[in-house]
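Take a look at the structure below.
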(Lines of atoms letter the chains of each structure in order from A; the text may use other names.)
(Lines give C-alpha, C1' and ligand atoms only; values in the text may rest on other atoms or scores of the structure.)
Protein backbone atom coordinates (compact mmCIF):
# COMPACT_ATOMS: atom_id res chain seq x y z
CA UNK A 85 0.00 0.00 0.00
CA UNK A 86 1.41 3.34 -1.08
CA UNK A 87 0.58 6.24 1.23
CA UNK A 88 1.10 9.66 -0.30
CA UNK A 89 2.11 12.31 2.20
CA UNK A 90 0.36 15.63 1.76
CA UNK A 91 1.69 18.88 3.12
CA UNK A 92 -0.26 22.10 3.32
CA UNK A 93 1.36 25.44 2.87
CA UNK A 94 0.56 28.20 5.41
CA UNK A 95 -1.77 29.92 2.95
CA UNK A 96 -3.87 26.77 2.55
CA UNK A 97 -4.03 26.34 6.32
CA UNK A 98 -5.18 29.95 6.76
CA UNK A 99 -7.87 29.49 4.08
CA UNK A 100 -9.06 26.32 5.81
CA UNK A 101 -9.21 28.08 9.20
CA UNK A 102 -11.14 30.97 7.62
CA UNK A 103 -13.55 28.53 5.95
CA UNK A 104 -14.18 26.66 9.21
CA UNK A 105 -14.70 29.93 11.11
CA UNK A 106 -17.23 31.16 8.53
CA UNK A 107 -19.02 27.81 8.63
CA UNK A 108 -19.21 27.99 12.42
CA UNK A 109 -20.70 31.50 12.26
CA UNK A 110 -23.31 30.38 9.73
CA UNK A 111 -24.26 27.40 11.88
CA UNK A 112 -24.67 29.67 14.92
CA UNK A 113 -26.95 31.91 12.86
CA UNK A 114 -29.01 28.89 11.77
CA UNK A 115 -29.32 27.74 15.39
CA UNK A 116 -30.41 31.21 16.52
CA UNK A 117 -33.00 31.39 13.72
CA UNK A 118 -34.26 27.93 14.65
CA UNK A 119 -34.67 28.95 18.30
CA UNK A 120 -36.55 32.12 17.30
CA UNK A 121 -38.86 30.10 15.04
CA UNK A 122 -39.54 27.68 17.90
CA UNK A 123 -40.51 30.62 20.13
CA UNK A 124 -42.75 32.04 17.41
CA UNK A 125 -44.45 28.67 16.91
CA UNK A 126 -45.04 28.41 20.66
CA UNK A 127 -46.63 31.86 20.75
CA UNK A 128 -48.76 31.06 17.69
CA UNK A 129 -49.93 27.79 19.28
CA UNK A 130 -50.86 29.51 22.56
CA UNK A 131 -52.69 32.26 20.67
CA UNK A 132 -54.58 29.69 18.60
CA UNK A 133 -55.57 27.77 21.74
CA UNK A 134 -56.80 30.99 23.38
CA UNK A 135 -58.92 31.84 20.34
CA UNK A 136 -60.56 28.41 20.43
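Numbering (my numbering), first residue to last: 85 to 136. No residue lacks a Cβ here, since even glycine has one placed at the ideal position from N, Cα and C. All values derive from a computational prediction rather than experimental measurement.
To the nearest angstrom, how far is it from the Cα of residue 114 to the Cα of residue 106? 12 Å
May I ask you to report which of helix, strand or coil DSSP gives residue 112? The three-state secondary structure of residue 112, taken from DSSP, is helix.
Between the CA atoms of residue 94 and residue 126 - distance to the nearest angstrom: Roughly 48 Å separates the two Cα atoms.
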